[in-house]
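Reading through the structure tokens given below for one structure.
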Amino acid sequence: MASFLLNRLGQSIILLLIVSIIGFTVLNLIPGGPLAQYALTPGMTQEDMDRLARQMGLDRPLMVQYFDWLWRMLQGDWGTSYRDGQPVVDVIARHLWATLLLMGTSMVISVGIGTWIGIRGATHRYSAFDYVATAGAMVALSIPTFWFGLVGIYVFALRLEWLPAGNMYTIGDGSFADYAIHLIMPSFVLALVNIAVWSRYMRSATLDVINQDFVNTARAKGLTERRVLMKHVVGNALLPMITLAGMQLPNLLSGALVTETVFTWPGMGRLFLDSLSYSDYPVVMGLLMLSAVLTLLGNLIADIVVALVDPRIRLA
Amino acid sequence: MQTSAAKDRTGAPDPALSVRNLTIDLPADMDRAHAIQDISFDLIPGQILCVIGESGSGKSITANAVMGLLSKALKVSGGSIRVGEIELTGARPSALRDMRGRVVSMIFQDPLSALNPLMTVGDQIAEVMRAHGVGDRASRRARTLDLLNEVGLPDPALMIHQYPFRLSGGQRQRVMIAMALALEPTILIADEPTTALDVTTQAQILDLIRDIQRRKGMSVLLITHDFGVVAEIADSVVVMEKGKLVEQGPADAVLKTPSHPYTKRLIAAVPRLTGSDRVPPQGFASAPVLKVEALNKTYRSGSALMGTLRAVPAVRDISFQLAPGRTLGVVGESGSGKSTLGRLVIKLLDSDSGRIMFAGQDIAPLGEGEFRRLRPKIQMVFQDPFASLNPRSTVGHSLTVAPIAHGMDPRSVRAEARALLEVVGLSASAYDRYPHEFSGGQRQRVGIARALMFKPKVLIADEAVSALDVSVQAQVLELLDRVQRETGVAMIFITHDLRVASQICDEIMVMQKGRMVESGPPSQIFLHPQSDYTRELVAAVPGGQAEMDGARP
Chain A
598 MASFLLNRLG
608 QSIILLLIVS
618 IIGFTVLNLI
628 PGGPLAQYAL
638 TPGMTQEDMD
648 RLARQMGLDR
658 PLMVQYFDWL
668 WRMLQGDWGT
678 SYRDGQPVVD
688 VIARHLWATL
698 LLMGTSMVIS
708 VGIGTWIGIR
718 GATHRYSAFD
728 YVATAGAMVA
738 LSIPTFWFGL
748 VGIYVFALRL
758 EWLPAGNMYT
768 IGDGSFADYA
778 IHLIMPSFVL
788 ALVNIAVWSR
798 YMRSATLDVI
808 NQDFVNTARA
818 KGLTERRVLM
828 KHVVGNALLP
838 MITLAGMQLP
848 NLLSGALVTE
858 TVFTWPGMGR
868 LFLDSLSYSD
878 YPVVMGLLML
888 SAVLTLLGNL
898 IADIVVALVD
908 PRIRLA
Chain B
2 MQTSAAKDRT
12 GAPDPALSVR
22 NLTIDLPADM
32 DRAHAIQDIS
42 FDLIPGQILC
52 VIGESGSGKS
62 ITANAVMGLL
72 SKALKVSGGS
82 IRVGEIELTG
92 ARPSALRDMR
102 GRVVSMIFQD
112 PLSALNPLMT
122 VGDQIAEVMR
132 AHGVGDRASR
142 RARTLDLLNE
152 VGLPDPALMI
162 HQYPFRLSGG
172 QRQRVMIAMA
182 LALEPTILIA
192 DEPTTALDVT
202 TQAQILDLIR
212 DIQRRKGMSV
222 LLITHDFGVV
232 AEIADSVVVM
242 EKGKLVEQGP
252 ADAVLKTPSH
262 PYTKRLIAAV
272 PRLTGSDRVP
282 PQGFASAPVL
292 KVEALNKTYR
302 SGSALMGTLR
312 AVPAVRDISF
322 QLAPGRTLGV
332 VGESGSGKST
342 LGRLVIKLLD
352 SDSGRIMFAG
362 QDIAPLGEGE
372 FRRLRPKIQM
382 VFQDPFASLN
392 PRSTVGHSLT
402 VAPIAHGMDP
412 RSVRAEARAL
422 LEVVGLSASA
432 YDRYPHEFSG
442 GQRQRVGIAR
452 ALMFKPKVLI
462 ADEAVSALDV
472 SVQAQVLELL
482 DRVQRETGVA
492 MIFITHDLRV
502 ASQICDEIMV
512 MQKGRMVESG
522 PPSQIFLHPQ
532 SDYTRELVAA
542 VPGGQAEMDG
552 ARP
């Protein structure tokens, strides 16, 4: 186990370095750059621009900029945002919990409902339920999220006026109920796609297990159908889902760009979009590294959990 | 071979299990209307009743019907199944559930897949008692330990915490038996309990079943396709063909004087351990076409850097030579390295050291590019006729694609393929059909035709008949023999079944843990084995002794 972790740590560090190099390079290739916004400011001269560039360190060769960034990053200094001069860590932290709230809720919904639909679809294969679930998943996967978001806003906010059209809370309120009512629509819209994905995977994982011999053994032991299903079928079917869940972890924090935009949710997705359009390099790089770390972490956690649950797998 | 109960018919005890006129329908679009039709038999208390038949005979469906575990597509449409006083057909699901594991228990064919990989052995055994509300945690644990002890598993206190993947096939089957015995059922149903096991393990498991049956006075319904198993263990036999019961009676009578033509054919088709040597095909050169010298292969995994290096020697210092028209049998249990040896010779795997002399040169060190020219001359017939043909290719395509790729004239290749299909006993019209339209035996004929397309000098048959029913097995063996006499192809016949090996081989090599234990003609291996291991293997062949003594028809 220890050697496995050490090995993975080494791999992860190399991967992170590669991600940072590619990210940094590509970011600087984008035309415009952080100075473009100042160019339109009235009274801006080329000298002012050069001075700004020097102040921000943008006049140095790209290599030097990168290693400077890397060196600071390693010391825990994520830099300051070009936009408002605040430390990147603070900027990210401010948006993080909004995303965590939204993604967490939506994930609980999608995993719960998706697992249930998947299992039922497998145990009642080719039933009306299964067909409806299959067709529903196809629909949810093929229609873009923003469309669901807009339709949701139109129906539930404008027509029925049951739910707010956007934002995380009503200014001046901020009670639990207020947060909850704002959370409903974005989290369900977001969950829709994940329910589709999760239920399809769960269905095929369950089908893989349901015809295995040990399920028959369990029945031959005289177990109730319920216990056969819950203990022997679902237990085994969830194994491959752990890996899938691990891959979902980065989404939990990196947020949902489209949904957050549609519902004006002040999360990480919107922060990323805004920072990109401002060429706010430090924030973009910070978000990029964060999601890279989370991706690696998600996979690692999934591998460890699988090994803990499945005795056949020993991490070596 | 007979228990006293079998002979003791005077008291005519009530049957433990009585099946009367049982008919089970198949779904509408199948090739026959009934899975089983009008089956009647009795299982006498304290007896072992074997139900024997080939694949598709309905024997497993019969067993599942008794357990109430039929798949939803199958419906009992008539007849009755009585266990003691209780009628099972039409019983409520909850009533059936209550019977399962308590009154009737079942063990399955493949112990690798029949245990839940995520639960410890102890939990799985205790679960039977839990399901029926027997005992508390402590008493269930104590009983589990007893059971593990009873089925002869070493160190029960340790075994109880093991996961199935750590156990060998035989040990897992013992766990299955322990699970089945947990609540002391009156009836034990065993569906091909030894088919997936090595011969020596098979003999031990059969011994265990018989031993337990006698000690507990249980009644056993044993499903099998193997007359060797019947000869070994059965008190009485039911023979099934295509869903119908064709013959039943005491084991001795059915084996010695079968009355139904199907039973006669089946028994005649059973490969027998012959102690006589084969008369090799005449008219071929006696100089060896293939010479293997001191061949070695070790599987390595893990990394030396991390200190996790594992090395498993699979083939150790194997030498043999093979003349045209001759067959070398390679026999051994799983893990003996016999399949690895085959793969080394055909260079699907690279050997670590040693020489493989073929066509005047050592092919062992050749790279893929250099060997490609020679590859057509060494061909292979694979074990699984279902997996070894591309389901999306027509038979004709499967046969011709390789020769054409090797630059042979497409037109003559196609003509050759049609001709070969006739040679292997299929019609030329098979050329345009897909593998799924054929039975297992027919597919294996296609596999043989495919291997013969190149007119190879050496044919490697890796368990080529293991997946086939006995009657089909006999036909395929005959085909191989005929092909060899006509073409003079030399053959390496890899098998775990000593009976099959004794039928077709001129010489037999016995392997154990990668080493050659003994080699010689069948007369030596089966009548005068030189090594203890060979003796053990021969003794373990089910029904083997009876055959060698000439007790069989």
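Protein sequence lines, in the order shown, are assigned to chains A and B. According to the numbering used here, the first sequence is numbered sequentially starting from 598. According to the numbering used here, the second sequence is numbered sequentially starting from 2. Each residue gets a CB set at the ideal place from its N, CA and C atoms; glycine is no exception. Here the structure is a predicted model, which means the values were calculated and not measured.
Collapsing the DSSP output to three states places A599 of chain A in a helix. Using a CB distance cut-off of 8 Å, Q845 of chain A does not count as an interface residue toward chain B. By the rule that beta-carbons nearer than 8 Å mark a contact, F166 of chain B touches chain A. Among the residues of chain A, those whose CB is under 8 Å from the CB of D111 of chain B are D810, following chain order. Interface annotation for the stretch 813-824 of chain A against chain B: N813, T814, A815, R816, A817, K818, G819, L820, T821, E822 and R824, criterion Cβ-Cβ distance under 9 Å. Note on geometry: alpha-carbon atoms of Q203 of chain B and E248 of chain B lie some 26 Å from one another. None of the residues of the stretch 456-474 of chain B has a beta carbon lying less than 9 Å from any beta carbon of chain A. For D39 of chain B, the enclosing beta strand (DSSP E) covers residues H35 to L44. By the CB criterion at 8 Å, A491 of chain B and V459 of chain B fall inside the cutoff.
Residue contact check for G832 of chain A against chain B: a CB pair falls below 8 Å. Within the stretch 829-880 of chain A, not a single complete beta strand (DSSP E) segment reaches 3 residues in length. Just so you know, the alpha carbons of D770 of chain A and D99 of chain B end up roughly 59 Å apart.
Contact residues of the stretch 877-908 of chain A toward chain B are V906, D907 and P908 (C-beta to C-beta distance below 9 Å). Counting along the chain, T225 of chain B sits inside the beta strand (DSSP E) bounded by residues S220 to T225.
The continuous alpha helix (DSSP H) containing V402 of chain B extends over residues V396 to A406. Chain A has no Cβ within less than 8 Å of the Cβ of R215 of chain B. One thing to note: L89 of chain B has its Cβ within 8 Å of the Cβ of G69 of chain B. Per DSSP, the continuous beta strand (DSSP E) segment holding A462 of chain B begins and ends at V459 to D463. For P783 of chain A, the enclosing alpha helix (DSSP H) has its first and last residue at F773 to I807. Not one beta carbon of chain B lies nearer than 8 Å to the beta carbon of H692 of chain A. Of the residues A:V881, A:M765 and A:V752, the one whose Cα lies closest to the Cα of P863 of chain A is A:M765. Contact of H829 of chain A with chain B by beta-carbon distance below 7 Å involves N117. Contact between F109 of chain B and D192 of chain B holds, since their C-beta atoms are separated by about 5 Å, short of 8 Å. A contact is defined here as three or more CB-CB pairs under 8 Å, and the stretch 232-240 of chain B meets this definition with respect to the stretch 248-260 of chain B. According to the DSSP assignment, K339 of chain B belongs to the alpha helix (DSSP H) that extends over K339 to V346. In the same chain as H35 of chain B, and ignoring 5 residues on each side of it, the C-beta atoms closer than 7 Å to its own belong to T24, I25, D26, L27 and G244, in chain order. When the Cα atoms are used, A842 of chain A and D900 of chain A turn out to be separated by approximately 11 Å. In this structure, L207 of chain B and V230 of chain B form a Cβ contact; the two beta carbons are roughly 7 Å apart against a cut-off of 8 Å.
Rounded to whole angstroms, L738 of chain A and F785 of chain A show a C-alpha spacing of 14 Å.
When DSSP states are grouped into helix, strand and coil, T264 of chain B belongs to the helix group. Counted as a single uninterrupted DSSP element, the alpha helix (DSSP H) harbouring M68 of chain B occupies residues K60 to M68.
Between the stretch 388-399 of chain B and the stretch 430-447 of chain B there are three or more inter-stretch CB-CB distances shorter than 8 Å, so the stretches are counted as touching. Between T767 of chain A and W694 of chain A, the alpha-carbon positions lie close to 17 Å from each other.
Taking T195 of chain B as the centre and dropping the five residues before and after it, the same chain places the C-beta of Q203, I206, L207 and V230 closer than 7 Å to its C-beta, in chain order. Proximity of G171 of chain B to chain A, defined by a Cβ-Cβ separation below 8 Å, is not satisfied. Each of A:L870, A:R657, A:N813 and A:T892 was checked against the Cα of N848 of chain A, and the nearest Cα belongs to A:T892.
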